[in-house]
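Asks: Structure provided below as structure tokens; questions to follow.
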Amino acid sequence: MPVFGHNFLRLKSCIDLQVYCSAVTGEWKKYAWCSYSEPIFYCDERNTTMRAITHNTFGDPADVLQITEKEIPTPGPGQVRIQVTLATIHNHDLWTVKGSYGFVPDLPAAAGTEAVGIVDALGEGVEGLQVGQRVASGTSFGIWAEYALVDASGLIPVPEQLSDESAAQLVAMPFSAISLLDFLDMKPGEWLIQNSANGAVGRMLAQLAESRGIHVVGLVRRDAGVQELAAQNISGVVSTETPGWEKQVEDITGGASIAVALDSVGGSSAADLVKLLGEGGTLVSFGAMGNPIMEIPSGPVIFKHITVKGFWGSKVSREMPAEKKTQLFGELIARILDGTLTLPVDSTFDAADIVSAVRASSEPGRAGKVLIRF
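Numbering (the working numbering), first residue to last: 11 to 384.
As structure tokens, this is what we get:
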């Protein structure tokens, strides 16, 4: 019986025996053993090509992304080939396809940066991973494909209790949020205010901060955003669409000083945050979704001794010691499993329907991420 790719067969004649057949090597990989030494089924055919989502030019993702047949790649030293199960669409993926992100790939290019999958083959020198192991990756461009090569050092083992839907989102946004929170080095009981509170990082940061005893005020631009976040049990949210919204912020904090303000919008939104900061507060910029120019009045900065600094998650991640990464990912997984951190999914599309998937991802007011299934 030919078996292709990531297919699991439970053999009725042997309880709990599961087998894995690599689409390229045609070799059996046993997940569990029993008294039967020979598998009842075997692989007698091999796949050598795969589907990948690519683009030949930069432009609107709905116009330029396409499904391409490519050779299944072979892992080099230090690399792992994973068979992708689910991939996530992020804004930075779409910006890269448009050619407007900090990383500009050579064309033609494969797309995507984050996915969950199964280890399919190991390159020379790879240790600590095994074929058949479920892993998450959020650091490799071109991962929107049935098979992808990733550096072994960038893979996160996924525990059995964690769903594919959560694991597919584990690295990029949640790790950015917890790295940012760690970067801020705040104490329990302190207050933080952030704009774009209904963005992916904003939602996660609010939940993670609460688990550490840090109080958060979230700003959104629409009244509907308050209800959206309430559905995720995120409170302390204020709509700047409401007249006198600054008084609502004061009511939430009880007049307590705000130690840190997070700006991911830019423009005049940065000025609003600076005005709300307390004496000796810190403004941290980690995005510019609205305007690449921060408009900050000098008065509050001077008279309140405000510190302004930047945060770039990729740089922080590269420089972070392995032990620290392990600790933070452990905290993330624990918070997901205990329900403190929620990673909602808006919709899931087959890879063949990538055009509909990227259009759905660009719709405002989504309840969660859009995923691609391979």
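Every residue gets a Cβ at the ideal spot worked out from N, C-alpha and C, and that includes glycine.
Give the straight-line distance between the Cα atoms of Val226 and Phe313, rounded to the nearest whole angstrom.
Replies: If I take the Cα positions, the gap works out to 24 Å.
Asks: Between the C-alpha atoms of Ser176 and Ile77, what's the straight-line distance to the nearest angstrom?
Replies: Going from the Cα of Ser176 to the Cα of Ile77 covers about 25 Å.
Asks: Would you mind stating whether Leu172 and Leu351 have Cβ atoms separated by less than 8 Å?
Replies: In this structure, Leu351 does not lie closer than 8 Å to Leu172 by Cβ.
Asks: With DSSP as the reference, please indicate the residues paired to Val165 in a beta bridge.
Replies: Note that residue 165 corresponds to Leu in the displayed sequence, not to Val. Beta-bridge pairing links Leu165 to Ser147.
Asks: Starting from the C-beta of Gly199, find all residues in its chain whose C-beta is less than 8 Å away, skip the five residues before and the five after it, and write them out in chain order.
Replies: So the list reads Gly223, Ile224, His225, once near-sequence residues are dropped.
Asks: Does the count of Cβ pairs from the stretch 138-147 and the stretch 110-122 closer than 8 Å reach three?
Replies: No, the stretch 138-147 does not touch the stretch 110-122.
Asks: State the Cα-Cα distance for the pair His102 and Glu256, rounded to the nearest angstrom.
Replies: Cα to Cα, the separation comes out at about 31 Å.
Asks: Could you pull out every residue in the same chain whose Cβ sits closer than 6 Å to the Cβ of Ala271, ignoring the five residues on either side in sequence?
Replies: Ile203, Leu283, Leu287, Leu293, listed in sequence order.
Asks: If you scan the stretch 299-355 from start to end, which runs of the alpha helix (DSSP H) of 4 or more residues do you find wholly inside it?
Replies: You should have 308-313, 323-329, 332-347.
Asks: Of the residues Val94, Gly69, Asp70, which one's Cα is nearest the Cα of Arg61?
Replies: Checked all of Val94, Gly69, Asp70; the closest Cα to Arg61 is Val94.
Asks: Who does Lys257 pair with in a DSSP beta bridge?
Replies: Lys257 pairs with nothing; no bridge assigned.
Asks: For Lys379, is the classification buried or exposed, using 16 other Cβ atoms within 10 angstroms of its Cβ as the cut-off for buried?
Replies: So Lys379 counts as buried.
Asks: Assuming the contact rule is C-beta atoms closer than 8 Å, Ala216 and Ile244 should be a hit. Round their C-beta distance to whole Å, please.
Replies: That pair is a contact at about 5 Å.
Asks: Considering only residues of the same chain and omitting the five flanking positions on each side of Thr67, which have a CB-CB separation below 8 Å?
Replies: These residues qualify, in order along the chain: Val74, Leu117.
Asks: What do you get for Thr149, buried or exposed, if any count of 16 or more other CB atoms within 10 angstroms of its CB means buried?
Replies: Under this definition Thr149 is a buried residue.
Asks: Please identify the residue among Gly88, Gln242, Val236 whose C-alpha is closest to the C-alpha of Ala131.
Replies: If we check each option's Cα against that of Ala131, Gly88 comes out closest.
Asks: Leaving out the 5 sequence neighbours to the left and right, which residues in its chain are closer than 8 Å to Gly86 when beta-carbon positions are compared?
Replies: Only Gly133, Glu134, Leu159 meet the Cβ criterion.
Asks: From what residue to what residue does the beta strand (DSSP E) around Asp273 run?
Replies: Run containing Asp273: 268-273, per the beta strand (DSSP E) assignment.
Asks: Taking the alpha carbon of Glu220 as the point to measure from, which residue in Ala361, Pro307, Gly349 has its own alpha carbon closest?
Replies: It is Gly349.
Asks: Any chance you could list the beta strand (DSSP E) runs of at least 3 consecutive residues sitting entirely within the stretch 193-228, in chain order?
Replies: 201-204, all fully within the stretch 193-228.
Asks: Would Ile268 and Gly254 be called neighbours here (beta carbons separated by less than 8 Å)?
Replies: No, they are not a contact pair.
Asks: For Thr336, count neighbouring C-beta atoms within 10 Å of its own C-beta (all shown protein chains included) and say buried if the count is 16 or more, exposed if not.
Replies: It counts as exposed.
Asks: Could you give the DSSP three-state label for Ile262: helix, strand or coil?
Replies: Of the three classes helix, strand and coil, the one that applies to Ile262 here is helix, per DSSP.
Asks: According to DSSP, is Phe185 part of a helix, a strand, or is it coil?
Replies: Residue state, collapsed to three classes: helix.
Asks: Gly69 to Pro302, Cα distance in whole Å?
Replies: Rounded to the nearest angstrom, the two C-alpha atoms are 21 Å apart.
Asks: Out of curiosity, what's the CA-to-CA distance linking Ala367 and Gly265?
Replies: Between Ala367 and Gly265, the C-alpha separation is close to 44 Å.
Asks: Along the chain, where does the beta strand (DSSP E) that runs through Leu139 open and close?
Replies: Counting along the chain, Leu139 falls outside any beta strand (DSSP E), and DSSP gives it neither H nor E.
Asks: Rounded to the nearest angstrom, what separates Gln179 and Glu251 at their Cα positions?
Replies: Each residue's alpha carbon lies about 30 Å from the other.
Asks: If you drop the 5 nearest sequence neighbours on each side, which residues of the same chain put their C-beta closer than 8 Å to that of Gln242?
Replies: Contacts found: Arg213, Gln217, Thr352, Pro354.
Asks: Is the distance from the Cβ of Leu338 to the Cβ of Asp192 below 8 Å?
Replies: Closer than 8 Å, so yes.
Asks: Using a 10 Å radius around the Cβ and a threshold of 16 neighbouring Cβ atoms, would you call His315 buried or exposed?
Replies: Answer is exposed; the Cβ neighbour count stays below 16.
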